[in-house]
Each structure stands twice: as C-alpha cells, then as structure tokens.
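Worksheet: the structure to be examined is printed underneath.
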Amino acid sequence: MDLRPASARPGEQQVTTADAFRDVYGTSPDGTWAAPGRVNLIGEHTDYNDGFVMPFALPHTAIASVARRDDGLLRLHSGQAEGGVVEVRLDGEPAKGWAAYPAGVVWALRDAGHAVGGADIHYDSTVPTGAGLSSSAALEIVTALALNDLYDLGLQRWQLARLCQRAENVYVGAPTGIMDQTASACCTAGHALYLDTRDLSQHQIPFDLAARGLRLLVVDTQVKHAHSEGEYGKRRRGCEDAAAALGVDALRDVPYEGLDEALARLEDEEQRRLVRHVVTEDQRVERVVALLEADDVRAIGPVLTEGHTSLRDDFRVSCPELDLVVATANDAGALGARMTGGGFGGSAIILVDDASADKIADAVTAAFASGGFREPRVFVAVPSAGAVRLE
Ligand code: ADP
Ligand code: MG
C-alpha cells in the first residue's frame, strides 16, 4: 500500500485552476484562493451543543479562481460537477444542487449587509466529497475568503466561518455546526485547532506527528448511508430536547462531574445516551488537549478509541464499515482509532507508529475485502494550513 503523505500539489493545482477559469469564461481571474478540508481529531457531535472540537486541516484543498463582477450575476463552474456553468441572479431564484453552497455564501454575505455584486468562479477541489472530510466547508470558505478580499469587506476569519455556516444551514438546508467552516478558515500547519464552539475562542495546539514517529491514517470508507441526514437532524433535536429537560442552554453546560446526577434526572433512555456521549466527548477533547500540551501524543490513542465506542453505542452514528476499521486497526496494533465526521459512513482515523502503518493499513483493506465491502481509500493526514490567497 502506498502511504506517502497525501499532497494536493497546491502549486500545480493553482495553475490548472486559473487556466481552467480562462477556458471556461474567456477572461482572466482577479485572483486564486485555497481552502482545505479537515479531519476532526476528537470532539464529535459536540459543535451544535456549544461544546469543544479539535479539527486539523488536510493538505487537500478546494481552489477557486475568481473574477469580481458588479452586475448582480453569479456564475459558478466546478471541475468536479457535471452540467457546465451555473448562472445565479442574486435577486432571482435560489440555486440548487452543488451551486447552492457557493450561492449560499453570497446570499449570507449580502443578507448581513455586505455589498457583493456578483462573481465568476471556477473551482477545482482535491477534497473527497461526502467522505466526512468537509468538502462543503472548503467550497464555502474559499468562496467567502475570495469575496472578502475582492470586495474589501474586512471580515475576520471567524466571521467568514459564521456566515458560511449560515449559508449551509439556511440556504442549503443542512443543519450542521460551526466546526467545519472554522477549521477550513482558521487551522494552521502543524497544529490542531482547539475550538470552543460557544464563543469561538481558539487555541492552536502543536500536533507534529512525524517528529514523534507517529502517523495519522485516514480511511475513507467510500460509503454514505442514505439515512445520514435525517439521523443527524434527529440527534441534534434530541440533544436540544435533553438540554431543555435539564434546564440548560446547551449540553455543554452539563459538567462532567455532574453527569451522573444529570442522567438520573432524565427519564428517556434515548436522551440519557445522547447526553452521556456529548458530556464525555467534551471531556475527551480536554483530555486530548492536556496530553498534547504535555507532549504525550501516543497517549491520545486510547482516548480516540473511547470516543468511537461512545459514538457507536451511545450516540449511535457509526456503521459496520467504520466499526470494522476501528476494530481491525486496534487488533493490528494501532494506538487508537475512531470514526470522524458526522458518521453513517465517511471516514475513520487511526493513530499508528510509523513502523506499523503499512501493516495496519493492509489489515484494514484486507478486512474490507473479506467483509464484502468496497475497497477503502487510505492516506496519511498531515496537519496543514488553513485558507489562503494563492495569487
Ligand atoms: P462533505 O462536506 O463531508 O464532503 P457534504 O455532503 O457536506 O459532504 O458536502 C458535499 C457536497 O458539497 C457535494 O455533494 C457537492 O454538492 C458539494 N461540493 C463539494 N466539493 C465540490 C466541488 N469541488 N465541486 C462541486 N460541488 C462540490
Ligand atoms: Mg460538509
């Protein structure tokens, strides 16, 4: 198995993206921007509970070449989407399909009072779509950053993230939290982003795996179970109901030390499971932060696996493919493993020693083959830079 660190070849991709813009629109772009996908190290389904998350950026990026236009027209084209150029009139019908993500960003900016008059955009992304690696946030953030620059809006990155979340929640209609957009906008190379999703305060935590002889493998199971969106909404509503039943604003307000008492006050077993996951998961984020700050990277492995067990048994958002990755990896000598992202398919992460990376990746691939599952895509994730203007 080829386990070289994944590279999105930004330099090369940048030239291709600007050239493709010229082919599509017959003019030159005003600039080119990049925004990465992300992996969440720990803190799953906590972001819509005002809790803690800890993503880092992938080397895989969405690149956008953009030209400003001020006639109320938005033209969108993607190297990864069928159907050619999509035209959206800013005062007309909302966009559908993939174009809703970038059109939603323009809508959110304008709705917040920012004078964005239109744009021509060509996208080219190496972030796998629908793999739980946040291709949607990469697309949104690259759009927001480009428009922020071209229209001189002066917005800060956390503000761009908020607006992109609003685009995805309201315009696209996906009730997601703030983690993905903040990760794409604010991560820095060699660090994981410890984010408090209540007030968006952030700490960059050094996360240099190579220096410790470790690697983080990402396993994209290449499955997305059809019921994932409905189940996500159900979990989110369940958490809100549980918070209301406990008389708190959000589950983040249930302290870990008060968990047993809170559980005893809930009658509904379903709610108890949701609360137990969210409260213990917030505590796992804090444990991982403490371990990384103490430079004890290996020790985060078991915490990752605990997180998976909680997502599987209490929050119940895993699936056979993700469980198989985690069980196989741990049996084969991984330091720890968990599903990452919303669940019901998508990706898992595995923390491994350099020396056993190939063996563990091969074991996972072999287990998928004998389980009759589609071959997974395995790559090494290197904590990479957040969104940036390239030219
Ligand atoms: P994830 O964010 O985990 O990859 P989502 O379902 O949230 O999964 O977002 C995936 C959707 O984002 C795609 O179905 C598509 O509509 C849109 N998208 C992402 N990247 C691109 C791209 N390069 N070109 C066109 N659409 C894209
Ligand atoms: Mg997404």
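Here the sequence shown stands for residues 9 to 399, where the numbers follow our numbering.
Quick reminder that beta carbons are idealized off the backbone N, C-alpha and C, glycines included.
Is any heavy atom of the ligand ADP found at a distance shorter than 7 Å from the C-beta of residue i?
| i | result |
| --- | --- |
| Gln-230 | no |
| Val-135 | yes |
| Gly-91 | no |
| Leu-147 | yes |
| Ala-375 | no |
| Gln-173 | no |
| Ala-389 | no |
| Tyr-131 | yes |
| Leu-330 | no |
| Tyr-240 | no |
| Ala-139 | yes |
| Ser-86 | yes |
| Tyr-109 | yes |
| Gly-349 | yes |
| Trp-166 | no |
| Val-70 | Residue 70 is actually Ala in this sequence, not Val. Yes, since a heavy atom of the ligand ADP falls inside the 7 Å radius drawn around the Cβ of Ala-70. |
| Ala-182 | yes |
| Trp-115 | no |
| Trp-41 | no |
Taking the alpha carbon of residue i as the point to measure from, which residue in the options has its own alpha carbon closest?
| i | options | result |
| --- | --- | --- |
| Asp-321 | Met-347, Trp-115, Ala-342, His-130 | Met-347 |
| Asp-58 | Thr-229, Thr-205, Gly-221 | Thr-205 |
| Ser-142 | His-199, Thr-317, Ser-192 | Ser-192 |
| Val-293 | Leu-98, His-211, Gly-351 | His-211 |
| Ala-116 | Tyr-179, Thr-69, Glu-101, Gly-125 | Tyr-179 |
| His-85 | Asp-99, Pro-110, Asp-249 | Pro-110 |
| Gly-315 | Ile-357, Val-23, Ser-236 | Ile-357 |
| Gly-198 | Phe-215, Gly-185, Leu-312 | Phe-215 |
| Ala-395 | Cys-195, Asp-303, Glu-248, Gln-291 | Cys-195 |
| Lys-104 | Ala-145, Glu-176, Val-124 | Glu-176 |
| Glu-43 | Leu-208, Leu-155, Ile-149 | In the sequence as displayed, the identity of residue 43 is Ala instead of Glu. Nearest C-alpha to Ala-43: Ile-149. |
| Val-23 | Met-187, Asp-132, Ile-186 | Asp-132 |
| Leu-81 | Pro-328, Val-61, Leu-217, Gly-100 | Gly-100 |
| Val-287 | Ile-71, Glu-399, Ala-152, Val-61 | Val-61 |
| Phe-64 | Val-113, Ile-129, Ala-146, Gly-34 | Ala-146 |
| Asp-268 | Leu-359, His-235, Arg-284 | Arg-284 |
| Tyr-159 | Val-333, His-122, Asp-303 | His-122 |
| His-235 | Gln-173, Gly-354, Ala-218, Leu-201 | Gly-354 |
According to DSSP, is residue i helix, strand or coil?
| i | result |
| --- | --- |
| Lys-104 | coil |
| Pro-18 | With a pLDDT of only 48 at Pro-18, under 50, the local geometry of the prediction cannot be trusted, and no value is derived from it. |
| Pro-13 | At Pro-13 the pLDDT is 47, less than 50, meaning the model places this residue with poor confidence; the figure from the coordinates comes in the next sentence. It is a strand residue. |
| Gly-39 | strand |
| Tyr-131 | strand |
| Asp-304 | coil |
| Thr-24 | helix |
| Ile-50 | coil |
| Gly-379 | coil |
| Ser-144 | helix |
| Leu-259 | helix |
| Arg-244 | helix |
| Asp-361 | strand |
| Phe-323 | helix |
| Thr-317 | helix |
| Leu-82 | strand |
| Leu-398 | coil |
| Phe-352 | coil |
| Glu-237 | helix |
| His-122 | coil |
| Gln-279 | helix |
| Val-61 | strand |
| Asp-136 | A small fix is needed here, since residue 136 is Pro in this sequence, not Asp. In this structure, Pro-136 counts as coil in the three-state DSSP scheme. |
| Gln-88 | coil |
May I ask whether a heavy atom of the ligand MG can be found less than 7 Å away from the beta carbon of residue i?
| i | result |
| --- | --- |
| Ser-144 | yes |
| Asp-188 | yes |
Does any CB atom of chain C fall closer than 8 Å to the CB of residue i?
| i | result |
| --- | --- |
| Ala-193 | Among the protein chains of the structure shown there is no chain C, as only one such chain exists. |
Report yes if the C-beta of residue i is less than 7 Å from at least one heavy atom of the ligand GTP; otherwise report no.
| i | result |
| --- | --- |
| Ala-26 | For the structure depicted, the ligand GTP is absent and the ligand set comprises only the ligand ADP and the ligand MG. |
Cβ pair count under 8 Å reaching 3, the region 161 to 176 against the region 82 to 92: Contact fails: fewer than three Cβ-Cβ distances are below 8 Å.
Three-pair Cβ contact test at 8 Å for the region 337 to 355 versus the region 371 to 381: Yes, the region 337 to 355 is in contact with the region 371 to 381.
Runs of beta strand (DSSP E) lying entirely within the region 156 to 227, each at least 3 residues, in chain order: Correct list: 199 to 204, 210 to 214.
Three CB pairs or more closer than 8 Å across the region 272 to 282 and the region 300 to 313: The region 272 to 282 is not in contact with the region 300 to 313.
Three or more C-beta pairs below 8 Å linking the region 252 to 260 and the region 209 to 224: With the cut-off at 8 Å, the region 252 to 260 and the region 209 to 224 do not touch.
Validate contact between the region 376 to 383 and the region 63 to 80 using beta carbons, cut 8 Å, 3 pairs: Verdict: no, contact absent.
Cβ pair count under 8 Å reaching 3, the region 27 to 46 against the region 236 to 245: Contact fails between the region 27 to 46 and the region 236 to 245, because fewer than three Cβ pairs, one in each stretch, are under 8 Å apart.
Sufficient close CB pairs (3 or more, under 8 Å) joining the region 95 to 103 to the region 47 to 58: In short, these stretches do not touch, since the Cβ pair count stays below three.
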